[in-house]
Amino acid sequence: MRNTDSITNLPDQECNPREVQGIWLYGAGGHNSVVISIIRKMGLEPLGVFDDRHEELKAAGIPILPGILDPEFRRPSGPLIVTVGNNLARKALATDLQGPFATAIHPSALITESTIGPGSVVMQGAIVQTRTRIGGHAIINTAASIDHENLIDDFVHISPNATLSGNVHVGEGSWVGAGATVIQGIRIGKWAMVGAGAVVIRDVPDFATVVGNPARVIKITNLESRVLDDYESSLLSMPPRLKSNLLLIVNQVLNNSGKEPVRDLGRESSLQRDLGFDSVELAELTVRIEAEFGVDIFADGIVRTVGEIVDKLVKKDE
Ligand SMILES: CC(C)(COP(=O)(O)OP(=O)(O)OC[C@H]1O[C@@H](n2cnc3c(N)ncnc32)[C@H](O)[C@@H]1OP(=O)(O)O)[C@@H](O)C(=O)NCCC(=O)NCCS
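When the letters of the sequence shown are read in order and numbered with our numbering, they come out as residues 30 to 347.
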């Protein structure tokens, strides 16, 4: 059964799926395969899947396209969903890709008088009760139960079979584990982790991991020390779109000098030692970066590494 409120009452959506034929996806791991099945159940087409890690692709039967780290990457103008399970990596990608984002809601989900933000996914059998507000790029996993007047911020993941009672607030980026129960009125801070099966009866601080019944804090982890794989770390340390533009410029300079292109850029890469730039090439790099980003990277002193360039370009956008 499909509750029509779930499709008619979505003021936060940038893109109502009923008005489009298909949805682009970013990220081809396990989470992606579930979202593809939801999109198909909604009568829409998955148009293509972008991913940088081609060796891990699992989206059979759908075009696989180069990801954001590839200079060839072009953001299609149509609606997209970032189908990456890791909340931090999903935030990095969504921030960089920008809208329009679509929302995927499985027809078996029951959603009553609530709002679901752009980029969010509600899976099979999930229940979202009245006057709940779910932010953007959230995952409401299989059979999760979210009761009335919950506030679920952006980039949250509520795992399978987790239960949130009424008036719970889950802060940005937090992950509620499988089968966890959160009693009414609890505030879960941002980027927190509630362990599988936990019973949460007290507020959870920002960045805390809680486990057990009753749930107790076992650690507080700041974002920087989260265990991320190399790909996720690279997304966070260098905005992907900026990185791909910079890679393109670096390779143009190398190409003009008859040198081999580089496949990747690390923050620690030295312009002279690792990329082999001499002073003429450094000058060309400066001119090209200024033309592209409007920033003179050598304006206030010498720049030695890719990371120092990135910091100047990011600072300009702040
Ligand atoms: C909470 C969690 C993130 C902790 O992972 P971690 O930071 O790697 O912590 P560790 O595995 O080192 O465990 C630390 C301690 O907490 C205990 N612990 C871990 N998870 C627990 C849980 N869910 N419930 C009770 N105790 C738990 C461990 O036994 C260990 O106790 P000890 O120090 O007495 O040996 C993880 O165990 C968990 O529950 N993840 C949720 C997975 C999930 O829901 N997936 C759904 C996917 S859709």
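Note that CB positions come from ideal geometry on N, CA and C, so glycine has one too. Please read these numbers as outputs of a predicted model, since none were measured by experiment.
Residue environment for E310: buried (at least 16 other C-beta atoms within 10 angstroms of its C-beta). Secondary structure within the segment 260-347: the alpha helix (DSSP H) runs of 4 or more consecutive residues, fully enclosed, are 269-285, 308-322, 335-346 (chain order). A distance below 8 Å between beta-carbons, with the five flanking residues on each side excluded, links I278 to the following residues of its chain, in chain order: L314, R317, I318, E321. Within 8 Å of the C-beta of W53 there is not a single heavy atom belonging to ligand 1. Looking at the DSSP output, T132 bridges to nothing. Note on the segment 72-156: whole alpha helix (DSSP H) runs with a minimum of 4 residues are 116-126, in chain order. The residues W53, in chain order, have a CB closer than 7 Å to that of P105 in the same chain once the five nearest residues on each side in sequence are set aside. Around the beta-carbon of K120, 16 or more other beta-carbon atoms lie within 10 Å, marking it buried. Under the three-state reduction of DSSP, I212 is assigned to coil, being neither helix nor strand. Counting only the Cα atoms, G214 lies some 27 Å from H135.
With respect to V150, I110 sits close: the two C-beta atoms are nearer than 9 Å.
As computed with DSSP, S174 is found in a beta bridge with I156, T192. Excluding the 5 residues flanking it on each side, V64 has same chain C-beta neighbours closer than 7 Å at L54, I110, T112, A133, V150, in chain order. Contact annotation, L276 with I338: C-beta distance approximately 12 Å; criterion of less than 8 Å not satisfied. The segment 72-82 and the segment 92-105 touch, with no fewer than 3 CB-CB distances between them shorter than 8 Å. For R69, the enclosing alpha helix (DSSP H) has its first and last residue at 59-70. Annotation for S188 indicates a beta carbon within 8 Å of some heavy atom of ligand 1.
By the Cβ-count criterion, E289 is exposed, with fewer than 16 other Cβ atoms from all chains shown falling within 10 Å of its own Cβ. Secondary structure at H166: coil, using DSSP grouped into helix, strand and coil. Taking every protein chain shown into account, the CB of I230 has fewer than 16 other CB atoms within 10 angstroms, so this residue is exposed. In the three-state reduction of the DSSP assignment, T238 falls in the strand class, which pools E and B. Not one heavy atom of ligand 1 lies closer than 8 Å to the C-beta of A138. With fewer than 16 other beta carbons inside 10 angstroms of its own, V246 counts as exposed.
Note on E297: under 16 other CB atoms within 10 angstroms of its CB, so exposed under the neighbour-count rule.
DSSP places G51 within a strand segment (E or B) once states are collapsed to three. Not one heavy atom of ligand 1 falls within 8 Å of the beta-carbon of N116.
DSSP links V229 through a beta bridge to V211.
Residue nearest to L271 within the set N284, V282, G287, D293 is D293 (criterion: CA-CA distance).
V205 sits in a strand when the DSSP states are folded into three classes. Taken through DSSP and simplified to helix, strand or coil, V199 comes out as strand.
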